[in-house]
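All the letters of the sequence shown, read from the start, carry residue numbers 9 to 318 under this note's numbering. Backbone N, C-alpha and C fix where the C-beta goes; we use that ideal spot for every residue, glycine too. Given the structure is predicted, the values throughout are model-derived calculations rather than measurements.
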Amino acid sequence: MRSMIFGLVLGLFGLISFCQADDVQLKRDGDRVDVNIGGELFTSFHFEGTYPKPYFHPVYAPGKTLVVRENVFGKEGEQGNDAKTGMGHFHHKGIWIAIDSINEGLNYWHEKDKIETTSVVAKMQDGRGVIQVENVWNDAKGEPLMKEQTVYTITPDRMIRCDVTFSAIQAVTFGDTKEGLFAIRVHHDMRELSGGHIINSRGEQGEKECWGKPAPWVDYHGQVGGKTVGISLFDSPENFRPSRYHVRGYGLFAINPFGEKKYSNGEKEEAPVTLKPGESLSLKYGLYVHSGDDKEGAVAAQYQKFLSAE
């Protein structure tokens, strides 16, 4: 039985007296933390022990326009990974952290191995919401392999800052793989295959030009319910190497530092990362949900705000 320690610090007096209308507000409901902005649901963080990993779902742009795929579990009997219809790939659950190649056999991306949440502390701080999460990545025998400590800082402009630290309990090798790390599955209607657009900070466009390349940021936007909405992923220059983007026309959108050979189609050498027991690796990313395209959503300016907060 897992040992769970949960805390929710809301500062009730401060919330009633000083909270601004557009501040981030957090509400605990069982094994879920709801994140509201301006009285409107932005997203929910799920850490139910019955699921193979924690994740955020749903995720809304302003006006409560959904920007992630609605169906994260599938219907009974539904199988396959059909990119055009969006069926399958049910390991793509909203926003999540996972990778498919640890120690040449452990696969957390496809949910074959389990990421277990052991602690969640949610608090409000200076108008922002902060969710501090501790996870244990278990090996094939169910024994702890490494600890993950992630701090999600959520601001009123719908940016999620992700500061994650992996600490090895046993020896850990992150393999050279394209299937990782900080990811989101966009809404079916805003996919490139449905008429959506992908653009990076260098002006390169589409999966063909943006997939597998490093860039300070990439934006994915399209129409949902007649409204243009978008999601950006931000890399940090403080990370140990530039991350690359696993961005697909069918809707997968991820940033990952662990796939030098895979993303370069073999032009670069494999570059696995090994942690000895007791060693740690920290990474910083940002995710920004906005109305409009990359220009209307001021993605470049938001990236500078992300950098200035480091």
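* Asked: Which value, in whole angstroms, describes the spacing of the CA atoms of Val194 and Phe182?
  -> So the alpha carbons of these two residues sit roughly 26 Å apart.
* Would DSSP call Glu86 helix, strand or coil? -> Because Glu86 carries a pLDDT of 48, less than 50, the predicted location of this residue cannot be relied on, and no value is offered for it.
* If you run the structure through DSSP and keep just helix, strand and coil, what is Asp227? -> Strand at Asp227.
* Assign Gln213 to one of three DSSP states: helix, strand, or coil. => strand
* CB contact flag (Gly233, Met198, <8 Å) -> no
* **Span of the beta strand (DSSP E) around Val128** => Ile123 to Gln133
* Asked: Mapping DSSP to helix, strand and coil, what is Lys314?
  -> Residue identity differs from the one stated: residue 314 is Phe in this sequence, not Lys. Residue state, collapsed to three classes: helix.
* **Boundaries of the beta strand (DSSP E) in which Tyr63 is found, first to last residue** => Residues Tyr63 to Ala69.
* Does the beta-carbon distance from Leu153 to Asn146 come in below 8 Å? -> yes
* To do: For Ala306, I'd like the list of residues in its chain whose CB is within less than 8 Å of its CB, leaving aside the five on either flank, ordered along the chain.
  => Here the set comprises His298.
* Asked: Roughly how many angstroms lie between the CA atoms of Asp165 and Gly204, to the nearest whole one?
  -> 22 Å
* To do: Please check the pair Pro285 and Ala179, which I expect to be a contact at CB under 8 Å, by giving their CB distance rounded to whole angstroms.
  => 6 Å
* Asked: Is there contact between the segment 245-263 and the segment 205-224, where contact requires at least three CB pairs shorter than 8 Å?
  -> yes
* DSSP three-state assignment for Lys303, whether helix, strand or coil -> coil
* Top-ranked residue by Cα proximity to Gly220, from Thr161, Gly267 and Ser209 -> Gly267
* Beta bridge counterpart(s) of Trp104 as assigned by DSSP -> Trp104 pairs with Ala191.
* At which residues does the alpha helix (DSSP H) containing Tyr271 begin and terminate? -> Glu268 to Tyr271
* Ignore the nearest five residues each way along the sequence and tell me which others in Arg169's own chain have a CB closer than 6 Å to its CB. => Within the same chain, Arg169 has close Cβ partners Thr161 and Gly294.
* To do: Kindly indicate which three-state DSSP category Glu275 falls into: helix, strand or coil?
  => coil
* Under 8 Å, do Gly252 and Tyr271 count as touching if we go by C-beta distance? -> This sequence places Arg at residue 252; Gly is not what is there. A contact, by the Cβ cut-off of 8 Å.
* Please confirm whether His65 and Val75 have their CB atoms less than 8 Å apart. => No; because the gap between Cβ atoms is not below 8 Å, this pair is not in contact.
* Give the C-beta separation of Ile107 and Thr158 to the nearest angstrom, bearing in mind that I take them to be a contact with Cβ-Cβ under 8 Å. => With a Cβ gap of about 14 Å, Ile107 and Thr158 do not count as contacting.
* Is DSSP giving Ala148 helix, strand or coil here? -> Reduced to three states, the DSSP call for Ala148 is coil.
* Would Phe63 pass as a contact of Phe50 if the rule is Cβ separation under 8 Å? -> First, the amino acid is wrong: residue 63 is Tyr here, not Phe. No. Outside cutoff.
* DSSP-derived helix/strand/coil call for Asp197 -> helix
* Report the three-state DSSP secondary structure of Ala179 (helix, strand or coil). => Annotated three-state conformation of Ala179 is coil, per DSSP.
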